[in-house]
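The structure under discussion appears below in the form of structure tokens.
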Amino acid sequence: MNSQMSKKLWRKALKEHFDCTCVYCGESFELSNLTLDHVIPRSAGGETIASNIVPACQKCNQKKASKPYLEFMRTTFGVNRLREYVLAKHTQ
Ligand SMILES: [Zn+2]
318 MNSQMSKKLW RKALKEHFDC TCVYCGESFE LSNLTLDHVI PRSAGGETIA
368 SNIVPACQKC NQKKASKPYL EFMRTTFGVN RLREYVLAKH TQ
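Put into structure tokens, the structure is as follows:
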């Protein structure tokens, strides 16, 4: 298996792990409409490892940009304990 292929499988597994939902807004999307977002942005030292990567819809990914995820979620959607829990559990 080449690395391009394993990368593709890894992305697919990660999206399926979250049931093809955007972790931020919680809506369901087609696999191909989900992007992978760095929870801690690369610009803030976030690594490209599974625990720092989550599926996000294009809208949330763009809106979040390099904001801290909690700040982005709370200012955009208000406090949602379930979504925050899902994220905290994945990134710990
Ligand atoms: Zn979203």
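If you want the numbering used here, it's the 1-based position in the sequence shown plus 317. Just so it is clear, CB atoms sit at the ideal spot from N, CA and C, and this is done for glycine as well.
The C-beta of VAL396 has fewer than 16 other C-beta atoms within 10 Å across all chains shown, which makes the residue exposed. ALA373 counts as buried, since at least 16 other C-beta atoms from the protein chains shown sit within 10 angstroms of its C-beta. In this chain, the alpha helix (DSSP H) harbouring VAL403 covers 398-408. For THR393, the enclosing alpha helix (DSSP H) covers residues 386-394. Around the beta-carbon of ASP336, fewer than 16 other beta-carbon atoms lie within 10 Å, marking it exposed. DSSP, read as helix, strand or coil, puts ALA382 in coil.
Each of CYS339, TYR341, CYS342, CYS374 and CYS377 has a C-beta closer than 5 Å to some heavy atom of ligand 1; these make up the full list, in chain order. Assignment of beta-bridge partners to ALA373 by DSSP yields THR352.
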